[in-house]
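S.K.:
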Amino acid sequence: MKIFVPGRVCLFGEHSDWAGGHRRINSEIEKGYTLLTGTDQGLYAEVRPHPTALVMTSVTPEGERVGPYEIPMEPEALMAEASRGGFWSYVAGVAYQVLTNYHVRGLEIDNYRTDLPMKKGLSSSAAVCVLAARAFNRVYDLKMTTRGEMELAYQGEISTPSRCGRMDQGCAFGNRPILMTYDGDRVEVKELRVPEDLYLVLVDLEGEKDTLEILARLNRAYPFADNEVERGVQKLFGPMNRDIVQRAVGKLETSDARGLGALMREAQEAFDRYAIPACPEELTAPRLHRVLGLEALAPHIWGGKGVGSQGDGTAQLLARSAEDQRAVIEIVERELGMSCLPLTLRAGRGVRKAVIPAAGFGTRLFPASKATKKELFPIVDRDGIAKPAILLLVEEALGAGMEEVIIVVQKEDLPEFRSFFEEQVTIENYNKLPRHAQEYARRILEMGRKVKFALQTVQEGFGHAVYAAREAVGDEPFLLMLGDHLYRSNRKESCARQLVDAYNGHGASVLGLRRTEERHLGNFGVATGVWLEPERLLSVSEFAEKPTVEYARENLRVPGLPGGEYLTVFGQYIIKPKIFEFLEENIRNNVRDRGEFQLTPALDRLRREDGFLGLMIDGQRYDIGLPEYYLDTLAKFSR
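Going by the working numbering, the first residue of the sequence shown is number 3, and it counts up by one from there.
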């Protein structure tokens, strides 16, 4: 299993994480707020279980391979290594925490590539700890959320001589920006989305600074300030920081690069005014201010500031464009002899394509399914128009913002579907239609221009049908809708739109969920997990395909649901393209479930390796796959 963990850069709010922690003693101190993001660089590793030991190998940023280094998977040995300090201590500290809280064996970590600079304010030590925590979580399926991995990594790092802040483990959220809030021991995380790319440059100032001295001097202002300088420090990391960070979040979420750059300049000016007097030896930072004041950079940047604990460690510059980003790097390296790293905050890839499998025979609806595909069975909509079921699904997908709908069909059924979406009725019949029906006939052809088809040559299960759309989907997330279900939202946003919004907000694969009584579990996939937002958003810890009631009672209960109720699959998903790798592996190795290539095992593997969310859909699903369900849908869907 391969894992990548980036470093992290604090865009705004440095020092406020530990400052907010002092609210444990002095509640009048303002909460801490940091705006941070993962770097483009990080740690790459391949991990696998080991029966008895923690085995580590690493490649330095310079390309030197170090190790393997082996430690017995025993508490005393792990704590002894953690106490020594150094690179291996971080992994050992995390392993000690895992062994204390979970029943696990050993682990092999081969950190085969590292392009993250060490000791440059990019939380390289936290990245190592998150890498170890994530490796244990995924290899042993410990069912931790990202927040759980962060906490484990934090506890692991403070088991070493290192004294990290709470924000350092924010790299667990990957390359997307996040807002972290610190209230005593309580930490909250909000994921943010950038609508357009933003281009930064990280500059290694190649100076010297004493981080421990900086922290010691600034901490004198807490928990109670005794003089004007200390009151200034509390003001800087308190209300001033809150105001700047909150404005920065707004600028980031609208990709207002000019405004964000102006806030960087404002934040640096405030830091210089209130923090330098507390530690002038370390924070005057002549090399930092030389970079920020370099006239040659002015046409290419919107602004910049120091990074991390500040001082002459690292600077961040917000470039005006990708071309300006390259120009900034060239100027800094040529005129100042300092090395640079590009950092691009990328707009989240939106969901543009939907997949609807419609290749099944419809055995349970025979002989009607011999006359026509069940996806073409008529349903009367609320507008009184009788529509084939597939049209209702296409309308929902397009209404949720999809640019293309891929219908998976059998080769012999392709002409029937194509005829519906691509051919107008005969002119004789068209002229017989009332005006509103003529308009709708034209709309069907307009929708048809966004409909594509993928062929499933043999019918070998739901997972096999989804895999048939791989080439058409490409390397991007997609909306998956069951071809024998219909959906009706209870709100303005459609059911599919609710899922799209959840994906945009969190950047993780997500499926729709609904409550279901246990007597119906044999008809549905079931999910369980822990609530991230009570009774709305779930971090999924297990998928089960049509489980028995006994298995569900033992393994699939969800906190907060009444007895006899479970969360079942609503019939809509947004899935990252990595799912195709797992489906291909199962098909190539003939890994079947109940004689077919199912989707659920691949979903569960995607959950383990990348995380999966479940969203309680505010709406209803209507099944047309069984005669009695189809009859019920006919009676209720038009209401």
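The beta-carbon is built from N, C-alpha and C at its ideal position, and this holds for glycine as well. For clarity, every value in this text was computed on a predicted model and none was experimentally measured.
(1) Tell me where the beta strand (DSSP E) around Thr-635 begins and ends.
(2) Give the straight-line distance between the Cα atoms of Leu-202 and Pro-344, rounded to the nearest whole angstrom.
(3) Just verifying my parser: in three-state terms, what is the DSSP assignment at Ala-287?
(4) Give the single residue among Leu-207, Val-68, Pro-380 and Val-353 whose Cα lies nearest to the Cα of Gly-476.
(5) Under a Cβ-count criterion, where at least 16 other Cβ atoms within 10 Å of its own Cβ denotes burial, should Ala-554 be classed as buried or exposed?
(6) Taking just the CA atoms, how far does Ala-510 sit from Glu-418?
(7) If you count every other CB in all the chains shown that lies within 10 Å of the CB of Ala-456, and 16 or more means buried, which is it?
(8) With Lys-372 as the anchor, note down where its alpha helix (DSSP H) starts and where it stops.
(9) Answer with buried or exposed for Asp-274, where buried requires no fewer than 16 other C-beta atoms within 10 angstroms of its C-beta.
(10) Which residue comes first and which comes last in the beta strand (DSSP E) that contains Glu-406?
(11) With a Cβ-Cβ cutoff of 8 Å, do Gly-305 and Met-266 count as a contact?
(12) Would you identify the three-state DSSP class for Phe-273, choosing helix, strand or coil?
(13) Nearest CA to the CA of Gly-308: which residue from Ala-300, Ser-640 and Gly-295?
(14) Rounding to the nearest angstrom, what Cα-Cα distance links Arg-222 and Glu-232 in this structure?
(15) For Ala-361 versus Val-410, is the C-beta spacing smaller than 8 Å?
(16) Provide the residue span of the alpha helix (DSSP H) that contains Ala-47, from first to last.
(17) Any idea if Ala-637 is buried or exposed, counting beta-carbon neighbours within 10 angstroms, 16 or more meaning buried?
(18) Given that a residue counts as buried once 16 or more other Cβ atoms are within 10 Å of its Cβ, and exposed if not, what is Ile-246?
(19) Thinking C-beta only, is Gln-600 closer than 8 Å to Gly-465?
(20) Just reading off the alpha helix (DSSP H) that Asn-229 is part of, what are its end residues?
(21) As a quick exercise: from Arg-607, Asp-228 and Arg-623, pick the residue whose alpha carbon is nearest that of Lys-578.
(22) Where do the N-terminal and C-terminal ends of the alpha helix (DSSP H) with Ser-421 fall, by residue?
(23) Go through the stretch 111-189 residue by residue and report every complete run of the alpha helix (DSSP H) that reaches 4 residues or more, in order.
(24) Going along the chain, which residues of its own chain have a beta-carbon closer than 7 Å to the beta-carbon of Ala-324, five neighbours each way excluded?
(25) Under the rule that 16 or more other beta-carbon atoms within 10 Å means buried, what is Gly-565, buried or exposed?
(26) With a threshold of 16 other CB atoms inside 10 Å of the CB of Gln-270, please say whether the residue is buried or exposed.
(27) Taking the alpha carbon of Lys-580 as the point to measure from, which residue in Arg-610, Glu-556 and Val-560 has its own alpha carbon closest?
(28) Give me whichever residues DSSP pairs with Trp-304 in a beta bridge.
(29) Kindly indicate the opening and closing residues of the alpha helix (DSSP H) around Gln-440.
(30) Would you give the residue range spanned by the alpha helix (DSSP H) that Asp-206 belongs to?
(31) Answer yes if the stretch 203-215 comes into contact with the stretch 331-343, meaning at least three C-beta pairs across the two stretches below 8 Å, and no otherwise.
(32) Excluding five sequence neighbours on each side, which residues of the same chain lie with their C-beta closer than 6 Å to the C-beta of Val-130?
(33) Using 8 Å for Cβ pairs, my map puts Gly-186 next to Arg-10. What's the rounded Cβ distance?
(34) DSSP state of Arg-222, grouped into three classes?
(35) In the stretch 518-592, which residue ranges form an unbroken beta strand (DSSP E) of at least 3 residues, counting only runs that do not cross its ends?
(36) Where do the N-terminal and C-terminal ends of the alpha helix (DSSP H) with Pro-390 fall, by residue?
M.R.: In brief:
(1) Not the beta strand (DSSP E): Thr-635 falls in the alpha helix (DSSP H), residues 629-638.
(2) Distance between the alpha carbons of Leu-202 and Pro-344 is about 6 Å.
(3) When secondary structure is reduced to three states using DSSP, Ala-287 falls in the coil class, being assigned neither helix nor strand.
(4) For Gly-476, the nearest C-alpha among the options comes from Val-353.
(5) Buried, since its Cβ has 16 or more Cβ neighbours within 10 Å.
(6) Pairing Glu-418 with Ala-510, the inter-Cα distance amounts to about 36 Å.
(7) Counting Cβ neighbours within 10 Å, Ala-456 comes out buried, since at least 16 surround it.
(8) Lys-372: member of the alpha helix (DSSP H) spanning 370-373, first to last residue.
(9) It counts as buried.
(10) First-last of the beta strand (DSSP E) with Glu-406: 406-411.
(11) Cβ distance < 8 Å, so Gly-305 and Met-266 count as in contact.
(12) Here Phe-273 sits in helix by DSSP.
(13) If we check each option's Cα against that of Gly-308, Gly-295 comes out closest.
(14) Taking the straight line joining both Cα atoms gives about 7 Å.
(15) Cβ atoms of Ala-361 and Val-410: closer than 8 Å.
(16) It is not in any alpha helix (DSSP H) - Ala-47 instead sits in the beta strand (DSSP E) that spans 34-52.
(17) Exposed.
(18) That one is buried.
(19) A contact, by the Cβ cut-off of 8 Å.
(20) Looking at the DSSP string, Asn-229 is not in any alpha helix (DSSP H), and its letter there is neither H nor E.
(21) The shortest C-alpha to C-alpha distance from Lys-578 to any of Arg-607, Asp-228 and Arg-623 is the one to Arg-607.
(22) That run of the alpha helix (DSSP H) goes 416-424.
(23) Taken in chain order, the whole alpha helix (DSSP H) runs of length 4 or more contained in the stretch 111-189 are 126-141 and 148-159.
(24) So the qualifying residues of the chain are Tyr-201.
(25) Flag for Gly-565 reads exposed.
(26) It counts as buried.
(27) Minimum Cα distance to Lys-580 is reached at Arg-610.
(28) None; Trp-304 has no bridge partner.
(29) Following the DSSP letters along the chain, one finds Gln-440 inside the alpha helix (DSSP H) bounded by residues 437-450.
(30) That residue, Asp-206, is in no alpha helix (DSSP H); its beta strand (DSSP E) goes 200-206.
(31) Counting C-beta pairs closer than 8 Å gives three or more between the stretch 331-343 and the stretch 203-215, which meets the contact rule.
(32) Tyr-92, listed in sequence order.
(33) At roughly 22 Å, the Cβ-Cβ gap does not stay under 8 Å, so Gly-186 and Arg-10 are not in contact.
(34) Secondary structure of Arg-222 (DSSP, three-state): coil.
(35) Listed in chain order, they are 527-535, 539-547 and 567-577.
(36) Careful: Pro-390 lies outside any alpha helix (DSSP H), inside the beta strand (DSSP E) at 388-390.
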